[in-house]
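Sequential numbering from 1 applies to the sequence shown in the numbering used here.
C-beta atoms are modelled at their ideal positions from N, C-alpha and C, and glycine is treated no differently.
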Amino acid sequence: MKKVLIIDDEEYFCRALKKNLELKAVCRALAATTGAEGIRLARTEKPDLILLDIMMPGMDGTDVAEALLADPATSSIPIIFVTAIINKEDVRRNAGQIGGRTFIAKPVKIEDLIKRINAL
């Protein structure tokens, strides 16, 4: 079973997404509500995928992604950026600056996310 790490400062979003993914038996999900905690979990748990919020206080998603991409232990883990930014061009530009390949806009459609996880 695949392992997915959710990094998002919205605790409710993390819990709801984790529960949905696990109830649908898609993956084992882990959650972190700060960038630093997310980096630590990525290093120790070695997830198959990271779902990363762009807009977080303190260490934002771009900072987290840069740290993960710079670390040989985590640089190969795929990252999907999750954002409430409405303008898709802004999301592409922000993610493109740090090597992000894809994004999902909030609110997340669980069916779309499951397709992306299963495509790994």
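Taking a contact to require three or more Cβ pairs closer than 8 Å, the region 42 to 57 and the region 4 to 11 qualify as touching.
The three-state reading of DSSP puts L120 in coil, since its state is none of H, G, I, E or B. Here the alpha carbons of T102 and N118 stand approximately 15 Å from one another. The straight-line gap separating the alpha-carbon atoms of S75 and L68 is approximately 6 Å. Rounded to the nearest angstrom, the gap between the Cα atoms of A73 and L49 is 14 Å. Beta-carbon to beta-carbon, R28 and M59 are separated by about 24 Å, too far to satisfy the 8 Å threshold.
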